[in-house]
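Engineer:
Chains as they are written, first to last, in my numbering: chain A, 1 to 114; chain B, 1 to 111.
(1) Check the DSSP bridge columns for residue 54 of chain A and list the partner residues they point to.
(2) Is the segment 105-113 of chain A close to the segment 2-12 of chain B, with three or more CB pairs under 8 Å?
(3) Is residue 38 of chain A close to chain B, meaning its C-beta is less than 7 Å from at least one C-beta of that chain?
(4) Excluding five sequence neighbours on each side, which residues of the same chain lie with their C-beta closer than 6 Å to the C-beta of residue 93 of chain B?
(5) Show which residues of chain B have a CB atom less than 8 Å away from the CB atom of residue 49 of chain A.
(6) List the whole-angstrom C-beta distance separating residue 81 of chain A from residue 65 of chain A, where the pair is believed to meet the contact cut-off of C-beta under 8 Å.
(7) Secondary structure at residue 87 of chain A, three-state DSSP: helix, strand or coil?
(8) Starting from the Cα of residue 105 of chain A, find the closest Cα among A:29, A:16, A:14, A:11 and give me that residue.
(9) Let me confirm a value: residue 47 of chain B is counted as buried when at least 16 other C-beta atoms fall within 10 Å, else exposed. Which label applies?
(10) So within the segment 46-89 of chain B, which uninterrupted beta strand (DSSP E) runs reach at least 3 residues, ignoring any that extend past its ends?
The following block contains the structure:
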């Protein structure tokens with residue numbers, strides 16, 4: 001299993017500002033994943049972050065809005081830029097230790113944009 | 001493209017009664033199936049998975065799930081529900097590197 005520390009756990013931000021979310025894993029992992037969970041909804045994959053390469057974004061998500069860093073095999077950040085109320089969601093990071101193994105999740109970051 | 005359907009937004013059950021949370025899936029090739037639980041203000045916790053082998057999979061907290069290939073289903077079950085099982089449950093299917101989640105089912109267990 002993997003233990004994931006995600007910060008901050010929640011934040012309230014002003015429109016037009018940005019929030020950077022950190023995800024720290026207790027072991028080295030090849031891929032890290034960032035998800036968005038809008039209020040009352042399921043999880044949607046934002047992007048996959050590989051160490052040493054550009055993140056791969058899913059349809060509807062762009063790097064300018066959701067820049068991701070992956071400086072090493074245990075850490076990643078997701079920035080949500082130019083915030084609007086529609087960005088109010090829970091953001092979760094996730095890792096998998098192997099191809100057919102289960103995913104492990106951070107506790108999530110609850111973002112409220114006012 | 002793969003997809004997951006959880007037909008019930010909410011399931012209500014009395015404590016001590018058996019519970020079932022339904023999940024059907026669509027995927028090309030062999031399915032890798034998962035159940036996760038989310039408690040309020042928490043991330044997702046892994047419950048169980050089906051990769052291959054026995055169709056009945058046992059997981060954490062007394063939960064089990066039955067893989068049915070002909071019905072493309074992977075329903076979550078527990079013989080005797082607890083009030084503490086009340087949470088949001090997600091079924092997920094994996095194809096390649098992508099994990100796709102169902103819409104979630106809120107389980108309410110009444111004392």
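Where is the CB? At the ideal position from N, CA and C, for every residue including glycine. Small disclaimer: the values here were computed from a predicted structure and weren't measured.
Structural biologist: The relevant details are as follows:
(1) Start at 1 with the first residue of the first chain, and residue 54 of chain A comes out as number 54. Beta-bridge pairing links residue 54 of chain A to no other residue.
(2) no
(3) As a working mapping, residue 38 of chain A is identified with position 38 in the first chain. Chain B, which has no Cβ nearer than 7 Å to the Cβ of residue 38 of chain A, makes this no.
(4) Residue mapping note: residue 93 of chain B aligns to position 93 of the second chain, counting from 1. These residues qualify, in order along the chain: 2, 4, 25, 27, 31, 33, 100.
(5) One-based indexing of the first chain puts residue 49 of chain A at position 49. Neighbours of residue 49 of chain A on chain B: none; closest Cβ ~12 Å, over 8 Å.
(6) Here residue 81 of chain A refers to the residue found at position 81 when the first chain is read from its first residue. Here residue 65 of chain A refers to the residue found at position 65 when the first chain is read from its first residue. With 8 Å as the limit, residue 81 of chain A and residue 65 of chain A qualify as a contact, their Cβ atoms being about 6 Å apart.
(7) Residue numbering aside, residue 87 of chain A sits at position 87 when the first chain is read from its first letter. Reduced to three states, the DSSP call for residue 87 of chain A is helix.
(8) Against the first chain, residue 105 of chain A aligns to sequence position 105. Residue A:29 is the option with its Cα nearest to residue 105 of chain A.
(9) Position 47 of the second chain, counted from the first residue, corresponds to residue 47 of chain B. That one is buried.
(10) 56-58, 64-68, 73-78
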